[in-house]
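There are 2 protein chains.
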Amino acid sequence: MTRWLDDDEQRTWRAFLAASQLVQEELDRQLQRDSGMPHAYYAMLVKLSEAPDRMMRMSELATELNSSQSRLSHAMKRLEERGWARREPCAADKRVSWAILTDAGLAALTAAAPGHVEAVRQTLFDRLTPDQLHHLREICTALLPTSNPS
Amino acid sequence: MTRWLDDDEQRTWRAFLAASQLVQEELDRQLQRDSGMPHAYYAMLVKLSEAPDRMMRMSELATELNSSQSRLSHAMKRLEERGWARREPCAADKRVSWAILTDAGLAALTAAAPGHVEAVRQTLFDRLTPDQLHHLREICTALLPTSNPS
DNA sequence: CCCGCTTTGTTGAGAGTTCAAGTAAGCTGG
DNA sequence: CCAGCTTACTTGAACTCTCAACAAAGCGGG
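Each protein sequence line maps, in turn, to chains R and B.
Position one of the first sequence corresponds to residue 1 (this note's numbering), numbered consecutively onward.
Position one of the second sequence corresponds to residue 1001 (this note's numbering), numbered consecutively onward.
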């Protein structure tokens, strides 16, 4: 007995799918084109830049980014190759790697940020009313796992 | 003069990003795990199944799926390998390929649908109130290009 | 008619993601 | 204390996606 979607639900679902894909792809394309990095890398740079001493444990970074450890590990390898980040072993717990944002990485982030923010405005904020933005935030918060500790 | 995001906007943006990634990844994972196909393939099967004679031109399919032609072409190759679809040249316009859903493809879709719909309910509909769903639909519609013919 | 532009679609290389497997280190109960 | 479970992270293979380049067919003005 499948609980199929009715017509209204279908339309809502497809609109949500299309809109979220549109935004993600638009943002990814902008960053790739203008700054030569995918959005996933940008997010890593942001998180690291906000951390004390610009460093975080790999697993902590993965958690905050809702990323798999595998993905993060591959991505960090690329960031290291570009000189945007480096890894250091942790003396206290030898399983742990510290991910550290380098000066070059911070510079890359600083260079990329204005164009990215502008794109975010154009694809999201400029298209919605303040009321809609308020609703959107509540809706998205409701969808996130921390708000649904079932 | 970058129009930076204020604190409120930051939170809205990050919530939206996290929520839309969560839903997309959850749905993709469910389909891959239970039916051995990525969500992109599922969407192709759905569109073809709704088309007259279960066939569409490649470019039309790409447009409706908001997909690049390249992506669609690669994906269609896979679907053909699995026997879920086939391509036929169009006599009227020799540039065109018809993408056609096979019986096996329809069967695969039919088998995958219940689990997918259940996952959609669990990750989206069951977590939002009717009011929120209404708002969500309007918000997503506002984000889509057809509603912004600037 | 035909040269050039557009449309339709494919292909290959490069890059990112996923999944499963593997390594190494910390922890825990008997 | 040590066997076994868990945590942290890495690796390689398979797969998808993107981008640029390409081919082929329609189209349209001179």
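Beta carbons are placed, not taken as given, at the ideal position from N, Cα and C, and that holds for glycine.
Per DSSP, R1057 of chain B forms a beta bridge with which residues? As a working mapping, residue 1057 of chain B is identified with position 57 in the second sequence. Partner(s): B:W1098.
Starting from A1107 of chain B, follow the alpha helix (DSSP H) in both directions and report where the run begins and ends. Here residue 1107 of chain B corresponds to residue number 107 of the second sequence, with the count starting at 1. That run of the alpha helix (DSSP H) goes 1103-1123.
Taking L143 of chain R as the reference, which of B:G1083, B:S1020, B:T1102 has the closest Cα? Your numbering for residue 143 of chain R matches position 143 in the first sequence. Cα-wise, what sits closest to L143 of chain R is B:S1020.
DSSP three-state assignment for R1003 of chain B, whether helix, strand or coil: In the second sequence, residue 1003 of chain B corresponds to position 3, counting from 1. R1003 of chain B: coil per DSSP, three-state reduction.
Beta-bridge pairing of R86 of chain R - partner residues as DSSP gives them: Sequence index remark: in the first sequence, residue 86 of chain R carries index 86 (1-based). R86 of chain R is bridged to R:I100.
Whole-angstrom distance between E50 of chain R and D93 of chain R, CA atom to CA atom: Translated into the one-based positions of the first sequence, residue 93 of chain R becomes position 93. Translated into the one-based positions of the first sequence, residue 50 of chain R becomes position 50. For D93 of chain R and E50 of chain R, the distance between alpha carbons rounds to 23 Å.
Whether or not the segment 1125-1140 of chain B and the segment 1061-1079 of chain B are in contact is what I'm after, with contact meaning three or more pairs of Cβ atoms, one per stretch, closer than 8 Å; do they touch? no
Is P1038 of chain B close to chain R, meaning its C-beta is less than 8 Å from at least one C-beta of that chain? What you label residue 1038 of chain B is simply residue 38 of the second sequence in a count that begins at 1. It does not: the Cβ of P1038 of chain B has no partner Cβ on chain R nearer than 8 Å.
Any C-beta of chain B under 8 Å from that of L143 of chain R: To locate residue 143 of chain R, count along the first sequence from 1; it is residue 143. Yes, because at least one Cβ of chain B sits closer than 8 Å to the Cβ of L143 of chain R.
CA nearest to the CA of S73 of chain R, picked from R:A99, R:A91, R:L48: Residue numbering aside, residue 73 of chain R sits at position 73 when the first sequence is read from its first letter. Answer by Cα proximity: R:A99.
Can you tell me whether A1111 of chain B is buried or exposed? The criterion is at least 16 other CB atoms within 10 Å of its CB, across all chains shown. The count along the second sequence starts at 1 and reaches residue 1111 of chain B at position 111. Classification for A1111 of chain B: exposed.
Spatially closest choice to A18 of chain R from B:R1014, B:V1023, B:Q1030, by CA coordinates: The residue you call residue 18 of chain R lines up with position 18 of the first sequence. Out of B:R1014, B:V1023, B:Q1030, B:V1023 has the C-alpha closest to the C-alpha of A18 of chain R.
Residues in the same chain with beta-carbon distance under 8 Å from L124 of chain R, minus the five sequence neighbours each way, listed in chain order, please. Numbered from its first residue, the first sequence carries residue 124 of chain R at position 124. Contacts found: V23.
Could you tell me which chain R residues have their CB closer than 8 Å to the CB of T1110 of chain B, listed as they occur along the chain? Mapped onto the second sequence, residue 1110 of chain B falls at position 110. Within 8 Å Cβ-Cβ: nothing; T1110 of chain B doesn't reach chain R, min ~11 Å.
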